[in-house]
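See structure below.
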Amino acid sequence: MMMRKFMLLLSVLGILMLCGCGGREIDDVAYVVAIGIDRMDGNYEFTFAIGNPDSINGEGEDPLVFESAVSGDIFTAGDEISARVGQEVNFSHAELLVFSKEIALGGVNTFLDELTRNLDQRPKLIPAVASGSAKETLQGVNSQFEGNPEKYLKKIFEYSASPVSTGIDSRDFLCRTKNINTGTALPKITSDDGTTATSMAVFYGDRMIGEFKDLSSYKLLSGMGEQMNCDVNGLGSMHLNQRVPPNIRVRCEDVPKIDITVILDASVNTRNPDISKDDLYLTAENVLRARMLELLEFTSIDAGVDILGFERYARKNFYTWDDWKEYEWCNRYGIAQFNLEVKLIPQKTGLVKGES
Amino acid sequence: MSYTNVRKIGNKEAIWFLVILFVSKILFADINRYVGQSGTAAYIQTIWCAFLAAVIFIVTATLSGEHDIFQASYLALGNVGMKIVGIIISLMLLLNAGVMMRVYAEIISSIALPDASEFFILVALVIAAAFAAFSGIGTLGAYSFAAGIVLVATLSAILILNIPNYDLSNIYPVLGNGIGSILSGVDGLSVYADVFLVFLMATHFSKGTSAKKAGLRAIIISGVVITATTFLYILTVPYPAATEFSLPILEIAFDVNLDVIFQRAEGLFLFLWIFSGFIVIGAYICFSILSFERSFNLSDRRGVIGVFLLIGLGVAMSMESVSLQRDLYAAFYMAFTAVSYGLPLAVFGIRKLRGR
C-alpha cells in the first residue's frame, strides 16, 4: 500500500516536469503575428511582423518589428530571419496573411499549402489582399488602442462582426480553392492603413479575378451577423442587426433559381420629417435590396463565380456527386436568376416613439 | 507464470479494451479513407462497415462455441495445426506492434517533440509495452476499462468544443459517391479487425463473461463513436478538401477556437495519441506473447518478453519512414485484416465440421 502511494506521488510530481517551453525560453522566440508576401525579382519577398515583447501592452516603442527576407518559401525566409535576429521565428501566433495584388493575381495555392502542412501554424490565419505592396500594408498596421498587436489583428480581421472581415480563414480558403463550384471573397486592404478594408478581392480557385466595393452586402448575404448603420438615401439612417442567417433556397432547373430572404432588425437613428416611418423602412428595404442585387449580379454575370456559396444549397437537390457534377453548377451560375427579398423588422424598444 | 494463473477479465473490461483498439484506428487516416471512398456519405459507410463486422463476428463467435482459437485449432487441426495457427497470430501481432511503434513515434515526434530523437520515443513505447507484457492481459483489461472511458470522453471533448465550426450543408449530396461506393468500401472493416483478440482471451475471462457479448457490444459502441466522428469531420472540412488531410481528428482539434476561452485543442489530440499508443502497442505485444505461450505450452511467459520486445523494436527501427513505406504499410494492414477475420472463421468452421 505504501508503495502504491509512493508511485502515485511520483506520478503526480512527474507531471510538474512536463511543463515548459520545449527547451527554449519565451524571450528566445520571435513570434510572427502577420506575414506579407510580395513578388521580388522572380522570387518572393516575405515580410514578418514580429511582436516586440518589450513594448507589448507598454509604452514607447512600436509593438511590432518588421523583418523581410527574399526567398522561395515562407519557412526558408523564416530561417534566414531567425539567423539574422538571433531568435527562433515561430508562426504559431500568426493572425494575418497579406498577399500583394500581384501575388493574388498569380495564384496563392503554394503558400496556403505550405502553411497548412506546417503543424506550428494553425488554420485560423486570416488571408487578405493588399491594394499595393503587402510590406507597406503591414507596416501601416497601427494598433493605437490595443497594446497587443496579435489581439488587435484578431479583433480587426477574425471576428465575424468586424466590418472588414469576410469570415474566411486560411483553411476555409484552401478548401474553397479545391472546389470548382465556388469562389472566395477576401478583404482587400489599403497600403497606408493596414486595417481598412476598402473592398473585397474575389478569387476563383487560388487566383484573384476581380474586386467588389461593397463588403457589407457580402456580409449580409453570407449571414455573418452584421450590425451596421445604414444611410437611407439622405432621408434618414437606420441601425440594422442581422440576428438570423438569410433563408436561401436553390432550385436546380435549366436556369438555377435562387430565392433569398434577408431578415434584419431595424431601428431608426434619424429621420427626415418629410418622410413617414413606414416609408423610411420601405425605402431602406429597397436601398439594401438594390445593393445586394448589385453584388449578386456582379458574382453571377461579371465574375461568374459563386463566392457566396449558394452551391451548398444547390447540392441538396442531388443525391450523388456524379449527378451534381453533371449539372455543372460552375457554368450555370452565370445565368442564375435571383429572387431577393429584404425584410426589415422594426424594433419597438427605444426612448423616442417619433411617430408622425 | 502460466496463463491459467492470472487476473481474469470481466465483460466491461473486455468491451472497453476492444473499444480502445477500434477507436484508436480513427486517430490515423482511416476516416480519410472512408471520405475518399464515399465522399460526403462516409459516415454511412462507417455504419455499413460496423454492421458487416458485427455480422462476421456473430457468425465466427457462434461457430466458436465455448472454445478459444487455440483449443479449436487443436481440435480441428491437431497439435501441429495449433502451433502453426499460434505462430501466424503471434508473428502478425508482433509485426503490427513494430509498425505501430513506428507510426506512433513518428507522429509524436512530428507534432509534439520535433527536437527529440525518435529512438527515445520508441524506447518509451517499448517500456510501456514491457509493462503491459509483464502485467498480463488481466491488468491490461483493468487498465483499459478506465482508459477507454477517458479516451472516448477526450475525443468527445474535441468534438464538442468544435461545435461552432460545424456546417450541416457539407453532408450534401447525401449519398456521396453513390451506394455502390458505400457498399464496396468493405476495406473499412479493418478498423474492427482486432475483434479476433476475444477468441484468444477466452481462458482469461471471468465467470459470466461472454466473448460474443463483449465483441458485439464493443463493435456497437465503437461503431457509434467512429460514425459520429466521421460525420462531424465531414461537417468540419468540406469535401473534396476533406480527403487531403492525413490526420482528420487533428484537423478537428486544430479548428477549435472558442474566442479567448479555449483556443487550442491539439493537446487533447496528442493526449489521445500517446494514451492510445501505449495501450495499443502493449496489447499487440501482450497478445503476441500469449499466442506464442499457448501454442508452445510455455510455463512462464516472462522468459520470452525481452525477445519479443527486441523484435518489435527491430521492426520499428527497420522501417525508414512510415511515409516512405506507405504502400507497404497499407498492404500489411490489409493482410492483417484478412487474416484477422479469415483465420478464426476458418479454424472454428473446420472444428465445427469435424465435430459433426
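Protein chains in written order, with this note's numbering: chain R, 1 to 356; chain L, 1001 to 1356. Ideal Cβ positions, reconstructed from N, Cα and C, are used throughout, including at glycine. Every value quoted in this text rests on a predicted model; they were computed, and no experiment measured them.
Could you name the residues of chain L that L174 (chain R) contacts, counting a contact when the two beta carbons are closer than 8 Å?
Stepping through the first sequence from its first residue, residue 174 (chain R) is reached at position 174. Result: A1241.
Is any heavy atom of the ligand MG found at a distance shorter than 7 Å from the C-beta of L1021 (chain L)?
Within the structure as shown, the ligand MG is missing, as the structure has no ligands at all.
According to DSSP, what are the bridge partners of M228 (chain R)?
Reading the first sequence from its first residue, position 228 is the one you call residue 228 (chain R). By DSSP's assignment, M228 (chain R) forms a beta bridge with R:L240.
Does the Cβ-Cβ distance between F1134 (chain L) and R1302 (chain L) come in under 8 Å?
If you number the second sequence from 1, residue 1134 (chain L) lands on position 134. If you number the second sequence from 1, residue 1302 (chain L) lands on position 302. A contact, by the Cβ cut-off of 8 Å.
Partners in chain R for S1110 (chain L), counting only beta-carbon separations shorter than 7 Å
Taking the first residue of the second sequence as 1, we reach residue 1110 (chain L) at position 110. Going along chain R in sequence order, the residues near S1110 (chain L) (Cβ under 7 Å) are L119.
Identified DSSP bridge partners for Q347 (chain R):
Here residue 347 (chain R) refers to the residue found at position 347 of the first sequence. Listed as beta-bridge partners of Q347 (chain R) by DSSP are no residues whatsoever.
Helix, strand or coil for A69 (chain R) per DSSP?
Residue numbering aside, residue 69 (chain R) sits at position 69 when the first sequence is read from its first letter. Three-state DSSP puts A69 (chain R) in a strand.
To be precise: take each residue of the region 321-334 of chain R, compare its Cβ to all Cβ atoms of chain L, and keep it if any distance is under 9 Å. Which residues remain?
The region 321-334 of chain R vs chain L, Cβ under 9 Å: W321, D322, D323 and W324.
In the DSSP assignment, the beta strand (DSSP E) including A266 (chain R) goes from what residue to what residue?
Here residue 266 (chain R) is taken as the residue at index 266 of the first sequence, counted from 1. Element bounds for A266 (chain R): K257 to R271.
Apply the 10 Å Cβ neighbour rule to A1335 (chain L) and answer buried if 16 or more other Cβ atoms are within range, or exposed otherwise.
As a first step, residue 1335 (chain L) is located in the second sequence; it is residue number 335 there, counting from the start. The residue in question, A1335 (chain L), is exposed, as its Cβ has fewer than 16 Cβ neighbours within 10 Å.
Would you verify that the beta carbon of V1237 (chain L) is, or is not, closer than 8 Å to some beta carbon of chain R?
Reading the second sequence from its first residue, position 237 is the one you call residue 1237 (chain L). Taking Cβ atoms only, chain R reaches closer than 8 Å to V1237 (chain L), which makes this a yes.
Along the beta strand (DSSP E) that carries G36 (chain R), what are the first and last residues, could you check?
Counted from its first residue, the first sequence places residue 36 (chain R) at position 36. For G36 (chain R), the enclosing beta strand (DSSP E) stretches over residues V29 to M40.
Output, in chain order, the set of chain L residues within a Cβ distance shorter than 8 Å of N179 (chain R).
Against the first sequence, residue 179 (chain R) aligns to sequence position 179. P1238, P1240 and A1241, listed in chain order.
Determine whether the beta carbon atoms of V1315 (chain L) and L1095 (chain L) lie at a separation below 8 Å.
By one-based count along the second sequence, residue 1315 (chain L) stands at place 315. By one-based count along the second sequence, residue 1095 (chain L) stands at place 95. A contact, by the Cβ cut-off of 8 Å.
DSSP state of K1212 (chain L), grouped into three classes?
Locating residue 1212 (chain L) in the second sequence gives position 212, counting from the first residue. In the structure shown, K1212 (chain L) falls within a helical segment according to DSSP collapsed to helix, strand and coil.
I need the DSSP call for P1248 (chain L), collapsed to helix, strand or coil.
Along the second sequence, one-based indexing puts residue 1248 (chain L) at 248. P1248 (chain L): helix per DSSP, three-state reduction.
DSSP on L1298 (chain L), reduced to helix/strand/coil?
Here residue 1298 (chain L) corresponds to residue number 298 of the second sequence, with the count starting at 1. It is coil, neither helix nor strand.
Let me see if you follow: with CB-CB separation under 8 Å, is V1174 (chain L) close to chain C or not?
Note that chain C does not occur in the displayed structure, where the protein chains are R and L.
Among R:A284, R:A201, R:K124 and R:N317, whose alpha-carbon lies nearest the alpha-carbon of L295 (chain R)?
The sequence position of residue 295 (chain R) within the first sequence is 295, counting from 1. When only C-alpha atoms are compared, the closest one is R:A201.
Rounded to a whole number of angstroms, what is the C-alpha to C-alpha distance between P187 (chain R) and L308 (chain R)?
Here residue 187 (chain R) is taken as the residue at index 187 of the first sequence, counted from 1. Here residue 308 (chain R) is taken as the residue at index 308 of the first sequence, counted from 1. Near 14 Å, if we compare the C-alpha coordinates of L308 (chain R) and P187 (chain R).
When the Cα of F99 (chain R) is compared with those of R:A134, R:E88 and R:G106, which residue comes out closest?
Counting from 1 along the first sequence, the entry for residue 99 (chain R) is found at position 99. With distances taken between Cα atoms, F99 (chain R) lies closest to R:A134.
What separation, rounded to the nearest whole angstrom, lies between the Cα atoms of A1241 (chain L) and G1036 (chain L)?
Sequence index remark: in the second sequence, residue 1241 (chain L) carries index 241 (1-based). Sequence index remark: in the second sequence, residue 1036 (chain L) carries index 36 (1-based). Going by C-alpha positions, A1241 (chain L) is about 10 Å away from G1036 (chain L).
Does the beta-carbon of L1018 (chain L) have 16 or more other beta-carbons within 10 angstroms, so that it is buried, or is it exposed?
Counting from one through the second sequence, the residue named residue 1018 (chain L) turns up at place 18. Flag for L1018 (chain L) reads buried.
State buried or exposed for A1218 (chain L), treating a residue as buried only when at least 16 other CB atoms are found within 10 Å of its CB.
What you label residue 1218 (chain L) is simply residue 218 of the second sequence in a count that begins at 1. A1218 (chain L) should be labelled buried.
What does the alpha-carbon distance come out to for the pair Y1239 (chain L) and E1118 (chain L)?
If you number the second sequence from 1, residue 1239 (chain L) lands on position 239. If you number the second sequence from 1, residue 1118 (chain L) lands on position 118. Straight-line Cα distance between these residues: approximately 34 Å.
Tell me the DSSP secondary structure of I1020 (chain L) in three-state form.
The sequence position of residue 1020 (chain L) within the second sequence is 20, counting from 1. Three-state result, I1020 (chain L): helix.
Cα-Cα separation, G167 (chain R) to F1308 (chain L)
Position 167 of the first sequence, counted from the first residue, corresponds to residue 167 (chain R). Position 308 of the second sequence, counted from the first residue, corresponds to residue 1308 (chain L). When only Cα atoms are considered, G167 (chain R) and F1308 (chain L) end up about 54 Å apart.
Counting Cβ pairs, one atom from each stretch, are 3 or more of them under 8 Å apart for the region 329-336 of chain R and the region 297-312 of chain R?
Verdict: yes, contact present.
Which residue comes first and which comes last in the beta strand (DSSP E) that contains P127 (chain R)?
Counting from 1 along the first sequence, the entry for residue 127 (chain R) is found at position 127. First-last of the beta strand (DSSP E) with P127 (chain R): I126 to A130.
Measure the Cβ-Cβ separation of L357 (chain R) and L174 (chain R) and say whether it is below 8 Å.
The question about residue 357 (chain R) has no answer here: the residues shown for chain R are numbered 1 through 356.
Whole angstroms are fine: how far does the CA of A34 (chain R) sit from the CA of Q121 (chain R)?
Taking the first sequence and counting its residues from 1, the one referred to as residue 121 (chain R) is at position 121. Taking the first sequence and counting its residues from 1, the one referred to as residue 34 (chain R) is at position 34. Rounded to whole angstroms, the gap between the alpha carbons of Q121 (chain R) and A34 (chain R) is 12 Å.
Near E114 (chain R), which residues of its chain fall below 8 Å by C-beta distance, leaving aside the five closest residues on each side in sequence?
In the first sequence, residue 114 (chain R) corresponds to position 114, counting from 1. Same-chain partners within the cutoff: D73, I74 and F75.
By the criterion of Cβ-Cβ separation under 9 Å, what are the contact partners of R122 (chain R) in chain L?
Counting from 1 along the first sequence, the entry for residue 122 (chain R) is found at position 122. The answer, in chain order, is F1254, D1255, N1257, Q1263, R1264 and E1266.
Cutoff 8 Å: S1156 (chain L) Cβ touching any chain R Cβ:
For the purposes of this step, residue 1156 (chain L) is identified with residue 156 of the second sequence, where counting begins at 1. Closer than 8 Å: no.
Are the region 242-262 of chain R and the region 221-232 of chain R in contact at 8 Å, needing three or more beta carbon pairs?
With the rule of 3 Cβ pairs closer than 8 Å, the region 242-262 of chain R counts as touching the region 221-232 of chain R.
Under 8 Å, with one C-beta from each stretch per pair, do the region 1175-1192 of chain L and the region 1026-1045 of chain L reach the 3-pair mark?
Short answer: they touch.
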